[in-house]
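All remarks here apply to the structure that follows.
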Amino acid sequence: MNVPVSADQGHDPVITILHSADRPKHLDGPGVRFVTDDTLTAALPGTEILLVWDFMSTAVRDAFPAADSLRWVHTASAGVDRLTFPALLDSDVVLTNSRGVFDTPIAEYVTGLVIAMAKDLAGTIDAQSRREWRHRENERVGGRTAVVVGSGPIGRATAAMLAAVGMRVELVGRRADEGVHPIEDLTTLLPRAEWLVLAAPLTDSTRGMLNATTLGLLPPRARVINVGRGALVVQDDLVAALRDGTLAGAALDVFEKEPLPAGSPLWDLPGVIVSPHMSGDILGWRDELETLFVDNLTRYRAGEPLANVVDKTLGFVTGSAR
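Per the working numbering, the sequence shown starts with residue -12, numbered consecutively.
This is the structure in structure tokens:
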């Protein structure tokens, strides 16, 4: 049954929903416009609320000058880097994200990757495909040190789950907090990081944070897992470290260019797991995204503070999600 996004009483805002082939299944009602990249500009005049369901789209930047009534933009993702362009940042438009939907699923995904890589699951599957009985030893997970960069809900959920399987976890955030190292401590933590997990938002200060210099601080058997944004990593530097053996492996769910081009060396490098930006996408995740948006829409109509408001000077939600 559709979730009505119009109210029986009071103000009914015009809502434009930017989608790709995939579109919300339960959002409908008078004043709702479903558009794609090529029709967004024409739909923006008169639009009060923009739901960026296709969170991979970059069309909002080019279409934004046509927005004459826009008051609120919501993205169906935790990251907002595709929406932090100057015109929106300098406007009075409120920006919200889908913080809270992906925390536990991504933490589970990261933990699964750590265990799979430590136990050489890829090697087992490869040997099985050749009907080869190849005994070997695997690595312990408990007692190993993981450095998790990003102290938002995703990073904290990941740190908690890794700790639950016995790992020593060092959580790194923008600034010091209880149980959180400031980002300035990262260089002193990297030499102890047997696992480095990137779960930070993409901002001017985090772009390219994993580069030749920071990679060189990691111990030789370290592995990198990136579930944040592809541009947190200088890809050429990562490839070089994997090729020369100064890095034992990597599991990458996000890339600066998506889909990852077929010619990328990352597809074939030993010890590398490539996944198509799916770490948070559990069964039913779209329904959770719709529920979160409808909850915020109810707040909007009632004149209440919105949840998950992004601090546009920082590029992420600060403090409580509410």
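We put the beta carbon where it would ideally sit given N, CA and C, even for glycine. Keep in mind it's a predicted model, so treat the numbers as computed, not measured.
Residues near residue i in its chain [Cβ-Cβ closer than 8 Å; skip 5 each side]
i: W120; result: A114
i: I93; result: I141, A144, T145, A186, V214, S266, G267
i: D282; result: A294
i: A(-6); result: Here the model assigns A(-6) a pLDDT of 44, short of 50, so the residue's position is not dependable, and the following value carries that caveat. Cβ neighbours of A(-6) beyond the five flanking positions: R288.
i: T233; result: L202, G203, L205, P207
For residue i, the nearest candidate out of the options (CA to CA)
i: D172; options: V136, G110, A294, A150; result: V136
i: S64; options: P73, T26, P246, V88; result: V88
i: R230; options: A144, P73, P252; result: P252
i: S7; options: W40, L189, G18, A30; result: W40
i: G142; options: S85, V97, R127; result: V97
i: L38; options: S138, V152, T83; result: T83
i: G153; options: G66, T300, V101, R216; result: V101
i: R48; options: E124, R194, L75, V159; result: L75
i: G33; options: S44, L225, D55, R69; result: D55
i: V315; options: R86, V19, G110, R127; result: The shown model of the chain, from -12 to 309, leaves out residue 315, and the question about it has no answer.
i: T91; options: W272, V167, V297, V211; result: W272
i: P169; options: A150, V134, L189, G195; result: V134
i: V211; options: A235, P188, S192, G195; result: A235
i: P11; options: V81, E277, R161; result: E277
i: R86; options: G139, A147, Q222, T28; result: G139
i: R58; options: F51, N198, V81, M43; result: V81
i: I269; options: V226, E95, I2, D107; result: E95
i: L247; options: L70, Q222, P73; result: Q222
i: A50; options: T71, L183, T26; result: T26
i: V226; options: T300, W254, R179, G160; result: W254
i: H122; options: I112, V128, F42, G130; result: I112
i: D191; options: P0, G18, L301; result: L301
CB-CB length for residue i against residue j, believed under 8 Å
i: A228; j: L202; result: 5 Å
i: L205; j: T174; result: About 11 Å separates the two Cβ atoms, so there is no contact after all.
i: F280; j: H61; result: 6 Å
i: A209; j: E181; result: 6 Å
i: R20; j: I4; result: 7 Å
i: V220; j: V67; result: That belief does not hold up - the Cβ atoms of V220 and V67 are roughly 19 Å apart, past 8 Å.
i: A238; j: M104; result: 7 Å
Segment limits, alpha helix (DSSP H) that includes residue i
i: T285; result: 272 to 289
i: R230; result: 222 to 230
i: V101; result: 90 to 105
i: P73; result: 73 to 76
i: I141; result: 140 to 151
i: T175; result: 173 to 176
i: V47; result: 46 to 50
i: T201; result: 199 to 202
i: T193; result: Per DSSP, T193 belongs to no alpha helix (DSSP H) and is neither H nor E.
i: T111; result: 108 to 116
Other residues of its chain near residue i: CB distance less than 7 Å, five sequence neighbours each side excluded
i: S262; result: D240
i: A53; result: T28, L31, P32
i: D24; result: S44, A46
i: G166; result: L158
i: M196; result: L219
Proximal residues to residue i (C-beta, below 6 Å), its chain only, five neighbours per side dropped
i: P(-9); result: Caution applies to P(-9), whose pLDDT of 46 falls short of 50 and renders its modelled position unreliable; the model cannot decide the point.
i: R155; result: T132
i: N(-11); result: Because the pLDDT at N(-11) is just 41, under 50, the model does not fix this residue reliably, and the point stays unresolved.
i: Q(-4); result: Bear in mind that the predicted position of Q(-4) carries a pLDDT of just 41, short of 50, making it unreliable; the figure below should be weighed with that in mind. For Q(-4), where only same-chain residues beyond five positions count, there are no Cβ hits under 6 Å.
i: L176; result: V134, E157
i: A218; result: L189, R194, E243
i: G306; result: none
i: R69; result: T45
i: N125; result: K106, D107
i: V304; result: R86, N295, V297
i: G160; result: S138, V167
i: L256; result: L229
Start-to-end residues for the beta strand (DSSP E) that takes in residue i
i: G236; result: 236 to 239
i: L158; result: 155 to 160
i: L37; result: 36 to 39
i: R210; result: 210 to 213
i: V81; result: 81 to 83
i: I260; result: 259 to 261
i: T300; result: From DSSP, T300 is part of no beta strand (DSSP E); its letter is neither H nor E.
i: A133; result: 132 to 136
i: L183; result: 182 to 185
i: P169; result: 167 to 169
i: T62; result: 59 to 62
Note down, one range per segment and in chain order, each alpha helix (DSSP H) of at least 4 residues found wholly within the segment -3 to 41.
27 to 30
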